[in-house]
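Q: For the sequence shown, the UniProt record's numbering begins at 1 and goes up steadily by one. Starting off with a structure, shown below.
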Amino acid sequence: MPANGSTDPSARPDHESVRLESWKEIAAYLNRSVTSVQRWEQEEGLPVHRLVHAKGGSVYALTHELDLWRNQRDALRHSEDAVPLRGETLELESGPIFSAPAESISAERALDARVHRERRGFVARLSHRPWLVSLLALVTLAGLATLLPWPVASARILSVRPLVADLERFGGRLRTGEACDNPYANWSWASDHERVYFAMPRPLGQGATDSYALHAVPIAGGEPVEIPLRFPYEVRILDYVPEQSALLVTGASEPRPIQITPSELPLWLVSTAGAAPRRIPNLLGNWGDVAADGKTLAFLRHYQEGRSRLFLAQLDGSTSRDLGTVPADVIRPRWAPDGSRLRFFRRGASRNAFGDSIWERGLGRGAPRALWPGSRGDWTPDGRYFVYDREDPGAFRLDLFAQRERNWLDFRTKTPERLTVGPMSFWAPGVSRDGRQLFAFGRLGRGEMMRLDPKTKALVPALGGESAIYVEPSPDGEWLVWVRYPEGTLWKGRADGSQRQPLTSKPLEAHLPRWSPDGQTIVFAGRTPDEPQLGIYRVAADGSANELLVRSPKPADNFWDPCWRRDGTLVFSLALSRPPPGILQLDPKTGRVTGMPGAETLRWPKCSRQGDLLAAAEHPSGFRYMLLRRDRTQWEDLGPMKLAYPNWTRDGESICGVDIATGRLDCLSVDSGHVSTLLEAPPFALLAWVGAPWMGLDADNNPLVVADRSSTALYAFDWEQP
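Below, the structure written as structure tokens:
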């Protein structure tokens with residue numbers, strides 16, 4: 001019962017809800033007999049919850065749900081002349097009722113008889129009004145017509161043109177230190193009636209390291225123009241606000257440390273008319289969107305412990321309201337045009353495109369719910385379509401889809417309508433202010449394997465310029481394995497590119513292959529469209545056997561970075577997690593997986609040929625290197641982690657990789673701590689397939705990198721939306 005003892009729901013604040021623990025308490029709250037409320041639960045959907053346990057079960061109800069049900073029911077009975085519902089009882093005096101009085105049972109039986117007589121009279125009156133019967137028949141037929149599978153025209157693309165070709169000249173490559181789901185995750189855009197605005201990281205060597213640039217390009221065509229910002233770090237365009245003639249953006253005045261959990265950033269309104277940017281006071285967030293009223297801001301905050309919460313506030317920073325938790329790893333909230341609900345997308349397995357899904361949440365007490373597979377998207381201005389991107393796992397490509405929204409005249413289930421079908425990937429779609437055009441980023445992915453020539457100190461094509469990544473030499477240096485990009489198949493061949501042999505086939509996608517010490521086996525992280533979790537696979541060096549060694553029973557866990565210890569134990573960690581579960585070890589003979597003692601807070605192990613083990617530790621100021629020497633039990637702190645995808649040299653004396661801040665190819669001596677530069681930042685963009693640009697070493701310790709030869713642009717689509 002409520003704390004104040006009242007059974008009148010109007011006496012309670014709207015936000016208060018009390019749990020009623022039995023049929024008697026439910027009946028007392030509704031001022032009816034137990035028999036009546038049990039009948040209502042069976043016949044009229046009274047919201048009663050059931051618990052099953054050893055004693056057979058029990059029930060409970062929440063008062064705010066009962067109030068809502070009663071209000072809806074009363075609305076259907078607003079007239080005294082309306083036909084009563086079966087089982088309705090007479091009013092009893094207020095107060096607790098712990099058993100059904102005899103007079104209430106008699107009243108119910110009398111009312112049932114009255115209901116029967118009035119319903120017979122209603123049918124008799126219909127027989128004297130044939131026009132009313134005809135009208136009811138027409139209404140029934142109209143309702144059935146909406147359920148019939150009549151052919152409906154599909155939305156389709158009519159034409160496409162690049163608004164900004166060759167986006168690479170503006171930068172746009174992922175910063176090497178960011179932990180994101182794809183190389184273009186932090187590209188963003190929005191449009192007004194005349195221009196499209198886009199933000200992306202600057203090219204290495206142009207402007208401050210890790211800084212971003214904001215540009216504007218006319219929709220009708222023209223050259224982009226940069227809009228200066230005084231907060232050039234982590235700039236992301238969230239929305240365009242017509243009432244303010246401004247872009248809603250995130251941005252920081254100083255670079256942030258590398259970390260898994262996204263930084264909470266200041267929110268700004270950047271004028272498109274030339275006025276000074278305005279900071280929204282009192283608010284920090286990661287993602288946001290402004291409702292059609294031009295005033296209400298919905299924004300997400302991500303917390304270090306892996307939680308996310310959704311908030312509402314006014315654009316002046318006032319009246320913040322907490323809507324509660326949402327699933328972890330959700331981003332890009334989008335208001336429905338009518339302001340009734342929000343959609344956002346949840347990043348899936350390994351924070352990559354496999355498993356991404358569109359979610360929705362109303363503004364009431366309901367929990368967020370998953371709708372369908374897909375990721376970044378937005379509504380058309382009239383609310384008839386929701387346009388988004390979705391990965392075709394078998395083709396390793398993102399396509400655009402349009403989901404037709406239901407309306408009150410059409411209750412048929414709608415299937416998504418595919419708008420694009422390769423060979424290019426398109427992502428982050430949105431709609432022009434008038435709804436006539438779509439805008440999206442597009443890309444045709446390709447890489448080129450490059451090797452640093454030790455004599456000329458120049459990067460030259462390797463493997464015949466193969467579009468490949470993750471090159472790993474065999475223990476004897478006679479063979480290489482690599483992964484073709486973007487298809488994800490594992491190959492073996494000689495260092496000169498001859499005697500090529502596929503070791504896996506599509507749709508299995510391979511990452512980070514590692515040879516066993518005897519050169520007979522290769523392990524790698526892998527997944528398929530049917531099993532999108534990254535697991536650890538093993539394949540024979542001659543391609544004769546291929547098997548899954550281990551996959552986590554937890555759907556959100558994705559295994560990464562396998563490598564061999566000298567005793568034959570396989571070690572690996574999770575790709576990303578909060579907090580890190582530590583380094584895991586697998587005995588290939590028994591298949592038993594255990595945690596590695598002393599490595600409970602570490603991730604991303606790298607095994608040297610001599611038996612040393614390198615790993616990364618998360619720190620408030622960024623990641624740090626940790627080293628476990630071959631004959632010791634204590635880990636050493638080697639200082640801040642500055643290299644992406646570090647690789648051991650063949651002699652085990654140094655680790656080499658791409659410097660996160662500068663893009664240089666550097667090596668760090670694990671004994672002296674001295675850093676030597678092999679090459680200044682390459683004269684081309686490096687391919688970043690997962691998280692950061694990869695760098696490897698051949699059997700002679702010559703650096704291997706992948707030049708990104710992808711073609712990327714911002715596109716405008718004319719489309720038809722029936």
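Beta carbons: idealized from backbone N, C-alpha and C, even for Gly.
From the DSSP output, read off the bridge partner residues of Leu-534.
A: Leu-534 pairs with nothing; no bridge assigned.
Q: With a CB to CB cut of under 8 Å and the five nearest residues on each side skipped, what residues in its chain are close to Asp-316?
A: Cβ within range, chain order: Ile-280, Pro-281.
Q: How big is the Cα-Cα spacing for Asp-700 and Ala-510?
A: Cα to Cα, the separation comes out at about 25 Å.
Q: What does DSSP give as the partner residue(s) for Lys-606 in the beta ladder?
A: Beta-bridge pairing links Lys-606 to Leu-614.
Q: Mind checking Glu-243: buried by the 16 CB within 10 Å criterion, or exposed?
A: Exposed is the call here.
Q: Determine the contact status of Gly-207 and Ala-681, defining contact as a CB-CB distance below 8 Å.
A: No, these two residues do not count as a Cβ contact at 8 Å.
Q: What ranges does the alpha helix (DSSP H) occupy inside the segment 452 to 539, keeping only unbroken runs of at least 4 residues that lie completely in it?
A: Counting only runs of 4 or more, we get nothing.
Q: Inspect the CB distances between the segment 557 to 576 and the segment 605 to 614 and report whether three or more fall short of 8 Å.
A: Judged by Cβ distances under 8 Å, the segment 557 to 576 makes contact with the segment 605 to 614, as three or more pairs qualify.
Q: Output the distance between the C-alpha atoms of Leu-371 and Trp-379, rounded to the nearest integer angstrom.
A: So the alpha carbons of these two residues sit roughly 14 Å apart.
Q: Judging by CA-CA distance, which residue of Ala-428, Leu-584, Pro-266 is the nearest neighbour of Gly-595?
A: Among Ala-428, Leu-584, Pro-266, the Cα nearest to that of Gly-595 belongs to Leu-584.
Q: What does the alpha-carbon distance come out to for the pair Ser-357 and Asp-530?
A: Taking the straight line joining both Cα atoms gives about 15 Å.
Q: Go to Glu-223, then tell me how far its beta strand (DSSP E) extends in each direction, as first and last residue.
A: Note, Glu-223: premise wrong, no beta strand (DSSP E); not H, not E.
Q: I'd like the span of the alpha helix (DSSP H) that includes Tyr-303, first residue to last.
A: Premise fails: Tyr-303 is in no alpha helix (DSSP H) and is neither H nor E.
Q: Output needed for Leu-20: all residues of its chain with C-beta closer than 7 Å, excluding positions within five of it in sequence on either side, in chain order.
A: Excluding positions up to five away in sequence, the list reads Ile-26, Tyr-29, Tyr-60, Ala-61, Thr-63.
Q: Under a Cβ-count criterion, where at least 16 other Cβ atoms within 10 Å of its own Cβ denotes burial, should Leu-247 be classed as buried or exposed?
A: Flag for Leu-247 reads buried.
Q: Does DSSP put His-49 in a helix, a strand or coil?
A: It is a strand residue.
Q: Please list, in chain order, all residues of the same chain as Ala-462 whose beta carbon is under 7 Å from its beta carbon, the five residues on each side excluded.
A: Taken in chain order, the residues that qualify are Met-449, Met-450, Arg-451, Leu-704.
Q: Determine, using beta-carbon pairs with one atom in the segment 474 to 485 and one in the segment 424 to 442, whether at least three such pairs fall under 8 Å.
A: At 8 Å Cβ cutoff, the stretches do not touch.
Q: Between the segment 413 to 423 and the segment 668 to 676, do at least 3 Cβ pairs fall closer than 8 Å?
A: The segment 413 to 423, when compared against the segment 668 to 676, does not touch it at the 8 Å Cβ threshold.
Q: Give the straight-line distance between the Cα atoms of Pro-218 and Ser-308, rounded to the nearest whole angstrom.
A: Pro-218 and Ser-308: Cα-Cα distance of roughly 36 Å.
Q: For a test of the three-state rule: what should DSSP assign to Glu-448, helix, strand or coil?
A: In the structure shown, Glu-448 sits in a strand (DSSP, three-state: E or B).
Q: Using 8 Å as the threshold, is the C-beta distance between Tyr-233 and Arg-256 below it?
A: Their beta carbons are under 8 Å apart, which means Tyr-233 touches Arg-256 by this criterion.
Q: Taking 8 Å as the cut-off, decide whether the C-beta atoms of Asp-561 and Pro-605 are in contact.
A: Taking 8 Å as the Cβ cut-off, Asp-561 and Pro-605 qualify as a contacting pair.
Q: Where does Arg-390 sit, in a helix, a strand or coil, going by DSSP?
A: Three-state DSSP puts Arg-390 in a strand.
Q: Tell me the rounded alpha-carbon separation between Arg-565 and Tyr-470.
A: Straight-line Cα distance between these residues: approximately 20 Å.
Q: Among the candidates Val-550, Thr-712, Ala-292, Glu-254, whose CA atom is the shortest distance from the CA of Gln-314?
A: Selected option, being the one with the closest Cα: Ala-292.
Q: So for Glu-44, helix, strand or coil by DSSP?
A: Coil, per DSSP.
Q: What does DSSP give as the partner residue(s) for Ala-216 in the beta ladder?
A: For Ala-216, which the question treats as bridged, DSSP gives the partners Tyr-197, Val-225.
Q: Rounded C-beta distance between Ala-540 and Thr-521? I'm assuming under 8 Å.
A: Correct: roughly 6 Å between the Cβ atoms.
Q: Assign residue 771 to one of three DSSP states: helix, strand, or coil.
A: A query on residue 771 cannot be resolved here, the shown segment of the chain reaching from 1 to 722 and no further.
Q: Buried or exposed: which applies to Arg-589, given that a residue is buried once 16 or more other Cβ atoms fall within 10 Å of its Cβ?
A: One detail in the question is off: residue 589 reads as Lys in this sequence, not Arg. Lys-589 is exposed by the Cβ-count criterion.
Q: Could you pull the start and end residues of the beta strand (DSSP E) that Val-593 belongs to?
A: Val-593 -> beta strand (DSSP E) spans 593 to 595.
Q: Gln-38 by DSSP, collapsed to three states: which one?
A: Three-state DSSP puts Gln-38 in a helix.
Q: Return helix, strand or coil for Phe-623, following the three-state DSSP convention.
A: Note: Phe-623 maps to coil in three-state DSSP.
Q: At what residues does the beta strand (DSSP E) containing Phe-572 begin and finish?
A: It spans 570 to 574 - the beta strand (DSSP E) in which Phe-572 sits, taken as one unbroken run.
Q: Relative to the alpha-carbon of Val-421, which residue among Ala-298, Asp-399, Thr-209 has its alpha-carbon at the smallest distance?
A: Comparing Cα-Cα distances from Val-421 to each of Ala-298, Asp-399, Thr-209, the minimum goes to Asp-399.
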